[in-house]
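Numbering-wise, my numbering comes out as the position in the sequence shown, counting from 1, plus 140.
For each residue, glycine too, the CB sits at the ideal point set by N, CA and C.
Here the structure is a predicted model, which is why all the values come from computation and not from measurement.
Okay, structure first, notes after.
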Amino acid sequence: MFRTNHRTQSHNPAARMGRWSAAHWKTATFGWLAFVLVAFALGGLAGTKEIDPNKPGPGESGRMDAILDAGFEQPAGESVFVQSESLRVDNPAFAAVIEDVVRRISQLEVVQNVRSPLDPENSGQIAAGGHAALVEFEISGDSDDAADKIGPVLDRVDVAQRVHPEFFIGEFGDASAEDAVVTAYADDLEKAGQLSLPITLIILVIAFGALVAAGIPLLLGLTSVFATFGLVALSSQVLPMAMQAPAVVLLIGLAVGVDYSMFYLRREREERAAGRSQRAAVEAAAATSGRAVLVSGLIVMTAMAGMFLTGNEIFASIAIATIAVVAIAVLGSLTVLPALLSRLGDGVDRLRVPLVRRLRRDDGQGRFWGAIVGWVMRRPVLSVALAGGLLVALALPTFGLRMAFPAPGTYPESLPAVQTYNRMQEAFPGTALPANVVVKAPDVNSPDVQAAIQELEERALASGRMHEPITVDVNEDGTVANITVPIEGEGTDAVSDASLAALREDIVPATVGALPDAETGVTGLTAQWTDSTDEIKS
141 MFRTNHRTQS
151 HNPAARMGRW
161 SAAHWKTATF
171 GWLAFVLVAF
181 ALGGLAGTKE
191 IDPNKPGPGE
201 SGRMDAILDA
211 GFEQPAGESV
221 FVQSESLRVD
231 NPAFAAVIED
241 VVRRISQLEV
251 VQNVRSPLDP
261 ENSGQIAAGG
271 HAALVEFEIS
281 GDSDDAADKI
291 GPVLDRVDVA
301 QRVHPEFFIG
311 EFGDASAEDA
321 VVTAYADDLE
331 KAGQLSLPIT
341 LIILVIAFGA
351 LVAAGIPLLL
361 GLTSVFATFG
371 LVALSSQVLP
381 MAMQAPAVVL
391 LIGLAVGVDY
401 SMFYLRRERE
411 ERAAGRSQRA
421 AVEAAAATSG
431 RAVLVSGLIV
441 MTAMAGMFLT
451 GNEIFASIAI
461 ATIAVVAIAV
471 LGSLTVLPAL
481 LSRLGDGVDR
491 LRVPLVRRLR
501 RDDGQGRFWG
511 AIVGWVMRRP
521 VLSVALAGGL
531 LVALALPTFG
541 LRMAFPAPGT
551 YPESLPAVQT
561 YNRMQEAFPG
571 TALPANVVVK
581 APDVNSPDVQ
591 AAIQELEERA
601 LASGRMHEPI
611 TVDVNEDGTV
621 ANITVPIEGE
631 GTDAVSDASL
641 AALREDIVPA
651 TVGALPDAET
661 GVTGLTAQWT
671 DSTDEIKS
């Protein structure tokens with residue numbers, strides 16, 4: 141059994157940190173609390189800067205997005221989808237609903253360029269069969285701020301749905317989709333906190349049999365998370381964070397914070413059960429479990445650093461968030477934890493849970509796991525075979541993993557935006573997530589360029605992979621044309637990939653791509669996803 145005394149003290153970093161913290165428990169404890177409060181407060185003052193979803197990415201799509209950004213201001217496009225199971229658009233009742241929707245959203249200052257499907261020039265906004273139509277419009281101002289302005293528009297659409305319950309009325313577009321995703325992430329983060337905390341506490345009570353001992357790992361995990369929130373907010377001023385980062389910090393932070401402190405605390409209690417003094421037990425735990433925590437944390441942080449190699453901002457921000465919360469959890473486990481244990485002494489076993497205590501042996505180990513360990517030690521070969529086989533079986537599903545780009549198909553069907561998207565895809569294939577063919581030339585209004593664009597439209601429709609309505613927007617200088625082409629597929633599936641390939645490899649090179657002194661390419665969700673995937677794989 142490991143013994144700690146003056147002559148056999150371990151001098152590894154974790155042991156030295158543990159001894160210092162135990163000897164200076166007030167400094168270690170209050171210093172930790174001050175660090176958490178200052179980090180969280182500074183982060184709150186600075187605010188978290190998130191990744192700009194409209195920032196040009198890699199590859200051809202990134203170059204085309206940069207041209208569009210420089211060529212002209214692109215307001216966020218939105219569509220209100222109106223559908224009836226029985227009536228057609230030419231029915232007066234259906235037309236009245238469309239007019240009501242147009243009237244409601246046109247009254248808002250943030251709405252501009254409303255295009256009604258009832259206007260003859262907008263006939264492409266009426267679905268085949270006539271049972272669905274799109275009211276298209278834009279959110280005024282910079283598209284980066286559109287999600288912050290979309291609330292009143294969504295409220296008007298919800299009112300229209302309640303007034304006309306016999307119709308389906310829903311909204312989908314750049315801003316409404318972003319708003320739905322942000323709201324979903326916030327709700328998921330709240331649910332994760334509400335569920336993980338009580339479940340974690342229950343598990344810790346079962347593991348330790350005392351509320352005080354169970355509360356220490358949980359409090360350490362929570363303080364690590366709060367400190368990381370602050371530090372991540374500060375670092376986001378240099379490297380913006382992905383919207384997924386807070387959820388990662390919460391779940392990973394609780395996991396490693398609880399795991400590391402639980403590992404440390406169990407060793408200290410085992411040493412006390414073996415007859416060691418309080419100080420000797422803490423030092424033994426610091427020299428052994430503390431060192432294991434330090435090494436484990438360094439391994440996790442090194443592994444997460446591999447995400448920087450992808451060159452992807454989302455992965456890089458998640459790596460920073462994870463590395464930060466693991467580092468802080470390790471720091472807390474090696475400092476404030478031994479300080480608390482040295483101060484509490486045997487008081488760590490206060491508020492015992494009687495029924496749970498009966499599951500534990502006198503040496504502090506659980507009867508259940510003690511029995512398993514005993515069985516494993518008596519049958520090592522069989523245990524290795526069974527454990528190895530189980531690990532292989534659990535790992536098999538990873539071979540079926542594939543990369544997925546955030547798209548409507550990856551979000552819960554319960555979201556109103558996803559429900560609207562699904563209906564739009566059925567009535568207007570490709571309209572919700574179209575491809576964008578960009579043409580940059582000295583004069584895109586010249587006869588040659590216009591003829592090439594017209595030929596592109598004809599070839600696109602003839603391919604069977606593209607659909608109406610194909611729209612063309614030209615900037616004020618007449619140097620950039622943005623051709624919106626609805627394509628087959630759901631944005632990131634194999635059908636969408638095939639449609640993109642047809643555009644990039646056949647249709648564009650044979651039409652606008654053959655123009656002299658013109659720069660052309662394809663962007664849009666499918667193109668962005670394809671180029672990002674190619675970059676990450678490289």
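Integer-rounded CB distance, given that residue j should sit under 8 Å from residue i
i	j	result
LEU655	VAL589	6 Å
GLN252	GLU278	5 Å
MET441	ALA467	6 Å
ILE627	LEU640	7 Å
VAL620	ILE207	6 Å
ILE238	PRO257	6 Å
VAL345	VAL372	With a Cβ gap of about 30 Å, VAL345 and VAL372 do not count as contacting.
GLN565	SER201	With a Cβ gap of about 21 Å, GLN565 and SER201 do not count as contacting.
ASP657	PRO582	6 Å
Reference residue i; option with closest CA among the options
i	options	result
SER401	LEU640, ALA426, GLY281 and GLU411	ALA426
ALA350	ARG490, LYS580 and ARG296	ARG490
GLY629	ILE610, ALA642 and ARG605	ARG605
THR660	TRP669, THR666 and ALA650	ALA650
ALA395	PRO357, ALA382, THR428 and GLU616	PRO357
ARG644	GLY199, SER161 and ALA168	GLY199
TYR551	LEU177, ARG203, LYS289 and TYR325	TYR325
LEU379	LEU530, LEU360 and SER457	SER457
VAL435	ALA168, LEU474, ILE647 and GLN418	LEU474
PRO196	GLY264, ARG243, GLY183 and ASP671	ASP671
ASP617	ALA155, ASN585, ASP633 and ALA464	ASN585
SER283	GLU218, ARG255 and ASN231	GLU218
ALA315	GLY333, SER280 and ASP328	SER280
LYS331	PHE175, ASP192, LEU391 and THR462	LEU391
ARG483	TRP160, PRO153 and ALA155	TRP160
LEU274	THR188, MET204, SER429 and PHE568	PHE568
ALA575	SER523, LEU665 and GLY310	LEU665
ARG156	ARG431, GLN565 and ASP240	ARG431
VAL652	VAL579, ALA186, PRO520 and ARG406	VAL579
Per-residue DSSP class, three states only, for residue i
i	result
GLU616	coil
GLY281	coil
ARG143	Low local confidence applies: a pLDDT of 43 at ARG143 is under 50, so the model's placement there is unreliable, with the coordinate-based value given in what follows. ARG143: coil per DSSP, three-state reduction.
VAL176	helix
ARG542	coil
ASN253	strand
VAL262	For clarity, residue 262 is Asn in the given sequence; the question names Val instead. DSSP places ASN262 in helix when its eight states are reduced to three.
THR673	helix
THR169	helix
SER554	coil
SER219	strand
THR663	strand
ASP502	The pLDDT assigned to ASP502 is 48, lower than 50, so where the model puts this residue is not dependable; a value taken from the coordinates is nonetheless given after this. Note: ASP502 maps to coil in three-state DSSP.
ALA272	strand
ALA572	coil
GLU225	coil
GLU213	coil
ALA267	coil
ALA414	coil
Check: residue i C-beta below 7 Å from any heavy atom of the ligand MG
i	result
ARG542	Summarising the ligand content, the structure contains no ligands, and the ligand MG is consequently not present.
Unbroken stretches of the alpha helix (DSSP H), 4 residues or longer, contained in the stretch 288–348: 291–303 and 314–348
Taking 8 Å as the threshold, find out whether the stretch 296–316 comes into contact with the stretch 218–228 through three or more Cβ pairs. yes
Every unbroken alpha helix (DSSP H) inside the stretch 578–661 [4 residues or more]: 587–603 and 634–642
Quick one: which unbroken beta strand (DSSP E) runs of 3-plus residues sit fully inside the stretch 361–400? Chain order, please. none
Would you be able to state if there are at least three C-beta pairs under 8 Å between the stretch 285–305 and the stretch 213–222? yes
Contact between the stretch 235–249 and the stretch 321–340 is defined here as three or more beta-carbon pairs at a separation below 8 Å; is this criterion met? no
Does the stretch 402–420 come close enough to the stretch 382–392 that 3 or more CB-CB pairs lie under 8 Å? no
Spell out a yes or no on whether the stretch 419–435 and the stretch 447–460 are touching, meaning 3 or more CB-CB pairs, one atom from each, closer than 8 Å. no
Report yes or no: do the stretch 278–293 and the stretch 578–597 share at least 3 C-beta pairs separated by less than 8 Å? no
Between the stretch 552–570 and the stretch 314–329, can you find at least three pairs of beta-carbon atoms closer than 8 Å? yes
Please determine if the stretch 150–169 and the stretch 476–485 are in contact, where contact requires at least 3 C-beta pairs separated by less than 8 Å. yes
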